[in-house]
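Here the structure is laid out as structure tokens; the discussion comes afterwards.
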Amino acid sequence: MNCDEFAELVTAYLDDALDDSSRPLFLDHMARCSGCTGYYGQFTAAITALGELPAPGLSPQTRSHLLTAFREASSEKPE
Amino acid sequence: MSEGVVRLGGVTDFPPDPVIVAGLQSGDEEVFALLLDEWSRGMLRLARSYVSTAASAEEVVQDTWLAVIRAVGTFEGRSSLRTWVYRILVNTARRRGERESRTIPVSSVGGERPDGVPPERAEGGPEGAALAGEVRELIDKAVGTLPSRQRAVITLRDMEGYGSDEVCEILSISPANQRVLLHRARAAVRDHLAAYYDGKGGP
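Residue numbers (the UniProt record's numbering), protein chains in the order written: chain V, 1 to 79; chain E, 1 to 203.
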């Protein structure tokens, strides 16, 4: 396995989706190649950072508009 | 504020679907508010994959919830409620995105490439618990430059923490396709970060 092939398989490896023949080749390459070890570290660091991004919520106006819409829809429906 | 809510992509501390659906169908406003507060952030992010502005994404999410209110009586439980809601969102956002792309010149939509000189960072590096503000901005920008299909997948998988099965169902794509899109998106974000750290001399 060369470095390009290694780089292409990182997500498959992380999803545990490598087949039985590729997996040992992937791990073997990583053990021997410091460049790819570094790439792997940066790749997983990027994933971690993505998970830490803050997410803004709905504006209070939209939220209260939707709560009102829900209330009105429920009161129109016969139980 | 729901700052302290644990988001694992799973249904943490969350009533099971039948309870929620029954609550919605009987007009329980607390249940609706719970859902609204728990899912809207992720929905806004996902909508942003398809439309050009945050305001537009907010309208997509609003339209989606209005559709959910109208249609929840017909929900049959063939998928999870969340998947059902997110599929409505994706359809709504795609339609709106297509409309926008016919009316808005492409040049006014994309983010700029973050090739400029990054601002100085204080001593201490990025190993703190909180993500350094400028790294956050950089990742935001990197995600903003991705094609919408890649952006949708990386949003659901890595930012929201959903499993690949649910992502495939929400986006109606095959597992292999999902993995390719995710990998390209991650590699692009990693490239942006690496270019940034190379400029900083580490880590």
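Glycine included, every Cβ here is placed at the ideal spot set by N, Cα and C.
Residue from the options with nearest C-alpha to residue i
i              : options                        : result
residue 134(E) : 67(E), 200(E), 168(E), 17(E)   : 200(E)
residue 88(E)  : 178(E), 184(E), 197(E), 171(E) : 171(E)
residue 174(E) : 98(E), 71(E), 153(E), 45(E)    : 153(E)
residue 30(E)  : 76(V), 75(V), 71(V)            : 71(V)
residue 204(E) : 48(V), 1(V), 75(V), 66(V)      : The shown model of chain E, from 1 to 203, leaves out residue 204(E), and the question about it has no answer.
residue 23(E)  : 136(E), 164(E), 69(E)          : 69(E)
residue 136(E) : 45(V), 24(V), 7(V)             : 45(V)
residue 56(V)  : 102(E), 188(E), 140(E), 191(E) : 140(E)
residue 198(E) : 29(V), 25(V), 17(V), 39(V)     : 39(V)
residue 54(V)  : 159(E), 195(E), 176(E), 138(E) : 159(E)
Proximity test, Cβ basis, 8 Å: residue i and chain V
i              : result
residue 22(E)  : no
residue 153(E) : no
residue 133(E) : no
residue 139(E) : yes
residue 65(E)  : yes
residue 170(E) : no
residue 38(E)  : no
residue 173(E) : no
Short CB-CB distance (under 8 Å) between residue i and chain E
i             : result
residue 83(V) : No answer is possible for residue 83(V): the residues shown for chain V start at 1 and end at 79.
residue 43(V) : yes
residue 15(V) : yes
residue 35(V) : no
residue 25(V) : no
residue 83(V) : Because chain V here runs from 1 to 79, residue 83(V) falls outside it and cannot be looked at.
residue 82(V) : Summary: the structure shown does not reach residue 82(V), with chain V confined to residues 1 through 79, and so no result is reported for it.
residue 12(V) : yes
What residues from the stretch 182 to 195 of chain E come within 8 Å of chain V, judged by C-beta to C-beta, listed N to C?
-> Per Cβ criterion, the list reads 182, 183, 186, 187, 189, 190, 193, 194.
When you check each C-beta in the stretch 56 to 78 of chain V against every C-beta of chain E, which residues fall closer than 8 Å?
-> Cβ contacts with chain E come from 56, 57, 58, 59, 62, 63, 65, 66, 67, 69, 70, 71, 73, 74, 75, 77.
For the stretch 21 to 77 of chain E, which segments carrying the alpha helix (DSSP H) assignment without a break, of at least 4 residues, lie completely within its bounds, in sequence order?
-> Every unbroken stretch of the alpha helix (DSSP H) spanning 4 or more residues and falling wholly within the stretch 21 to 77 of chain E is given here in chain order: 29 to 48, 54 to 71.
Jot down the residue ranges of each uninterrupted alpha helix (DSSP H) in the stretch 134 to 161 of chain E, minimum 4 residues, whole runs only, in chain order.
-> Qualifying alpha helix (DSSP H) stretches, in chain order: 148 to 154.
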